[in-house]
Every structure is written in C-alpha cells, then in structure tokens.
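Here the structure comes first, spelled out in structure tokens, and everything after it is commentary.
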Amino acid sequence: QKEVEQDPGPLSVPEGAIVSLNCTYSNSAFQYFMWYRQYSRKGPELLMYTYSSGNKEDGRFTAQVDKSSKYISLFIRDSQPSDSATYLCAMKNRGSTLGRLYFGRGTQLTVWP
Amino acid sequence: DAGVIQSPRHEVTEMGQEVTLRCKPISGHDYLFWYRQTMMRGLELLIYFNNNVPIDDSGMPEDRFSAKMPNASFSTLKIQPSEPRDSAVYFCASSFATSGRASYNEQFFGPGTRLTVL
Chain A
199 QKEVEQDPGP LSVPEGAIVS LNCTYSNSAF QYFMWYRQYS RKGPELLMYT YSSGNKEDGR
259 FTAQVDKSSK YISLFIRDSQ PSDSATYLCA MKNRGSTLGR LYFGRGTQLT VWP
Chain B
10 DAGVIQSPRH EVTEMGQEVT LRCKPISGHD YLFWYRQTMM RGLELLIYFN NNVPIDDSGM
70 PEDRFSAKMP NASFSTLKIQ PSEPRDSAVY FCASSFATSG RASYNEQFFG PGTRLTVL
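From first to last, the protein sequence lines are chains A and B. FYI, the numbering for the first sequence is 199 to 311, going by the numbering used here. FYI, the numbering for the second sequence is 10 to 127, going by the numbering used here.
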C-alpha cells in the first residue's frame, strides 16, 4: 500500500460545478499537506498548503485536512475551463529532514464549457 | 530567475543506448530532486540531493540508473542501458530549506524530459 492514495479519475465536470478532490494517507506523522496543480506537458506547481488539521481558503479553492480520518480534500467552486489540469496531493513529516514530499498519483480534471 | 531548467525536453532512443538527462536548479536552492512520472505509477521520487550530496536513492529502480550532482548548479540522471519500460517523463525539482514557506519546502519543478525508449 502506498503512503498516499489518490483516485486518478479522470473527472469531467461542466463549467460552474463544484469539484471535490481527495486523498487518503496512512502515515500519522504527516503534518504538512499540499496540493500541486499540473497542466498538460508542464511540471507541477504548488497551489495550496495547510498545516495539520483545518481548512484554508484561497479564492475559489478550499483545502481541508481531517487528521483523525487521514483524509484531505481540495474543493474548487465555480470551476472554470482553465482549472482543467491534474491535481496532486503531497504530504510531509514534521520531523523529516526537509525536502522529501510524498505525492499522490494525481487526479485528472476536465472542466468543459 | 529562469526557474529549473531541464534538457533535453524530448529524447527518443533505442533500447540498450545510454541516456543522460540534465538539470540546472534554481540558483540558491540547496535541495534537488529527480522524479519519474507515468500514467500507471504517477509521480515517483527517484533520488534527492542536499548540498550536492545524495540523501536518499531508494527510489532508483535498479543499477541501470545513476545520478550525480557535481556542483550546486548542475545534476545528471543517467540510464545505461535503457529499456522500453524506462519510457516516462522525468522531472527535476529544487527547493530551498529556509524559504518563506520553509516548513512546506515548496518544490519548484522543471518542464520535464519526455523519454521514449524504442
């Protein structure tokens, strides 16, 4: 079993829909949670990050962490065609000697007009 | 800053040939990572360096793969001999241990090298 599990999709939604992307993990030492966005034929870029449990909102994007369930989510409100990309969750230990991130496989999202 | 630079962007080679991928990290970054991405397995960490020293190479699939970082501004990933199952997109990423998002160690990815082994 991988440390981070993510449904690869693909997920296809109409413009304006609310999108929910999720990851589960098994390592209770993970403290830092991130979402990277990867456009086609590009490298991933950091989209949002959250420490420990709770919610964080940035415009149309909301990241949630539920450490008791080992479950993280990314919500996209009023989705736009420009949101079409692959979304990868990533996690890190607090005590880790920096650097190492554990990535999910990524969920491919298409938002059609 | 130009970001992480990788070359070549595309590589097509025949089975058995040696392949060398190159990476120039962002100036001042002290961590460098090599990843491989496929549809089946997603993004896999192969090896990472801190201050030019390899820290964890447990993701390197086998002895055919080797990586070096001779200085802070250059790294190579070599596959010898290459096999069709090595076909993937290889990413290099770098990060800085004490950036504004220090605890998250944001990784900055290059555009990737798309490798096809025939």
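Note that beta-carbon positions come from the ideal geometry of N, C-alpha and C, so glycine has one too.
Minimum Cα-Cα distance from A:K265 among the listed residues A:W310, A:E255 and A:Q229 corresponds to A:Q229.
Going by C-alpha positions, A:E213 is about 16 Å away from A:G257. Its Cα nearest to that of A:N220, the residue A:L272 stands out among A:L272, A:A288, A:A283 and A:D281.
Against A:P242, the close residues of chain B are F118, in the order they occur along the chain (beta-carbon pairs closer than 7 Å). For B:P63, the three-state secondary structure derived from DSSP is strand. Taking 8 Å as the cut-off, the Cβ atoms of A:G302 and B:G51 count as close.
Using beta-carbon distances, A:L299 counts as an interface residue toward chain B, with a partner under 8 Å.
CA-CA distance, B:F118 to A:S267, rounds to 30 Å. Here DSSP, grouped into helix, strand and coil, assigns B:P93 to helix. For A:L307, the closest Cβ of chain B is not nearer than 8 Å. At a Cβ-Cβ threshold of 8 Å, A:Y249 and A:M232 do not count as neighbours. As a beta-bridge residue in DSSP terms, B:A102 pairs with B:F42 and B:F118. It is roughly 10 Å from the alpha-carbon of A:P311 to the alpha-carbon of A:S280. By the 16-neighbour rule on beta-carbons within 10 angstroms, A:L307 is buried. When DSSP states are grouped into helix, strand and coil, A:P279 belongs to the helix group. Per DSSP, A:Y249 is one residue of the beta strand (DSSP E) stretching across E243 to Y249.
Excluding residues up to 5 positions away in sequence, R45, Q46, T47, G121, T122, R123 and L124 lie with their Cβ nearer than 8 Å to the Cβ of B:V98 in the same chain. Taking one beta carbon from each stretch, the stretch 14-21 of chain B and the stretch 69-78 of chain B have fewer than 3 pairs nearer than 8 Å; the two do not touch. Contact note: B:L52 reaches chain A through P242, L286, F301, R303 and G304, using a C-beta cutoff of 8 Å and chain order. Here B:A81 is near B:N61, since their CB atoms are less than 8 Å apart. Residue pairing by DSSP places B:I88 opposite B:V28 and B:F74 in a beta bridge. Note: A:I274 is bridge-paired with A:V217 and A:F259 in the DSSP secondary-structure output. With respect to B:P90, B:G25 sits close: the two C-beta atoms are nearer than 8 Å.
Nearest neighbour of B:I88 by Cα position, chosen from B:T22, B:T29 and B:S103, turns out to be B:T29.
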